[in-house]
Amino acid sequence: MHDIDRESVERAYARWAPVYDAVFGAVFAPGRRAAIAAAENACGPGGGRILEVGVGTGLSLPAYARKHRIVGLDISQPMLRRAKVRVAAQKLTNVEGLAVMDAEGLALQDASFDVVVAQYVITAVPNPEGTLDEFVRVLKPGGEIVLVNHIGAESGLRRWFELGFAPAARRLGWRSEFPFARLTEWASRHGNVRVLERRPMPLFGHFSLIRFGKAAG
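So the working numbering is basically just the index in the sequence shown, starting at one, shifted up by 25.
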């Protein structure tokens, strides 16, 4: 039994869609910039094919260099409608497509992307480990997964606050107490990926950029 279900996440982000950019655009900007830089670096100087899962309203899309080909997915149709308007208005011809899709069941070919980016996603899906398995499946050998996410505190007052806030966070569509150990344990069990980096993001390190590398062969 998962503690978050798809329908509740869809409802939550349908409510957020009209105000998402105004509420979260500036707050999440440092993580967004860091994720894009990490993805572009992983692709190399010639560019690459990047999958952004949880693309939302498309805030990230204009910031990618045009040499990269981007596919954006989201579970929320209202959020994705706004992303499509942004792509058309800014003539982002390097965006190959935008689609409503469940992150745990990607209707995409194996080994078809150089990088998978997921910003503020992994704590908002019913099955984080199953979702990460899908990311690895669609990633080319030697590719990278780039996450930016809130990571729960391991001790202290913040941990107690996150545990107490957890029921309310779930109603908003995410987990407040997600531990980093859950990601490292998944990578260890999977066996075909390893943690490359964990880097705290401003402000105060509540969010982290986390990179996984898929084995080259």
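Even glycine gets a Cβ: it sits at the ideal position worked out from N, Cα and C. All figures in this text were calculated on a predicted structure; none of them were measured in a lab.
Neighbourhood of residue i by C-beta distance below 6 Å, restricted to the same chain and skipping five residues each side
{"i": "Glu222", "result": "Arg236"}
{"i": "Arg91", "result": "Asn119"}
{"i": "Leu76", "result": "Val96, Phe138 and Val141"}
For residue j and residue i, believed in contact at Cβ under 8 Å, the rounded distance
{"i": "Ala247", "j": "Ser101", "result": "Absent from the model: residue 247. The displayed extent of the chain is 26 to 242, so no value can be given."}
{"i": "Asp135", "j": "Gly73", "result": "Actually they are not in contact, since the Cβ atoms of Asp135 and Gly73 sit about 17 Å apart, beyond 8 Å."}
{"i": "Val80", "j": "Val141", "result": "Incorrect: roughly 12 Å between the Cβ atoms, too far for contact."}
{"i": "Gly130", "j": "Glu159", "result": "7 Å"}
{"i": "Gly97", "j": "Leu123", "result": "5 Å"}
{"i": "Val161", "j": "His215", "result": "7 Å"}
Chain-order list of residues whose beta-carbon lies under 8 Å from that of residue i (same chain, five-residue window excluded)
{"i": "Asp30", "result": "Pro151"}
{"i": "Asp127", "result": "Arg31 and Ile100"}
{"i": "Arg4", "result": "It is not possible to answer for residue 4, since the shown part of the chain is limited to 26 through 242."}
Where residue i falls: helix, strand or coil (DSSP)
{"i": "Phe205", "result": "helix"}
{"i": "Gly71", "result": "coil"}
{"i": "Asp99", "result": "strand"}
{"i": "Gly168", "result": "strand"}
{"i": "Ala15", "result": "What is shown of the chain runs 26 to 242, which leaves residue 15 out entirely."}
{"i": "His231", "result": "coil"}
{"i": "Phe138", "result": "strand"}
Proximity winner among the options, relative to residue i (alpha-carbon distances)
{"i": "Tyr45", "options": "His175, Ala108, Ala241 and Ala136", "result": "Ala108"}
{"i": "Pro103", "options": "Val173, Ala60 and Gly83", "result": "Gly83"}
{"i": "Val112", "options": "Leu131, Glu129, Gly130 and Tyr89", "result": "Tyr89"}
{"i": "Glu154", "options": "Pro55, Glu210 and Arg219", "result": "Glu210"}
{"i": "His93", "options": "Val125, Leu105, Asn66 and Ala59", "result": "Asn66"}
Residue i versus residue j: straight-line alpha-carbon distance, rounded
{"i": "Lys239", "j": "Pro166", "result": "6 Å"}
{"i": "Glu121", "j": "Pro227", "result": "31 Å"}
{"i": "Val171", "j": "Ser233", "result": "10 Å"}
{"i": "Ala62", "j": "Arg36", "result": "31 Å"}
{"i": "Ser137", "j": "Ile95", "result": "12 Å"}
{"i": "Tyr38", "j": "Ala47", "result": "14 Å"}
{"i": "Arg40", "j": "Ser33", "result": "11 Å"}
Contacts around residue i, its chain only, beta-carbon distance under 7 Å, and the 5 residues preceding and following it disregarded
{"i": "Val145", "result": "In the sequence under discussion, the amino acid at residue 145 is Tyr, which differs from the Val named in the question. Taken in chain order, the residues that qualify are Phe53, Gly79, Val173 and Asn174."}
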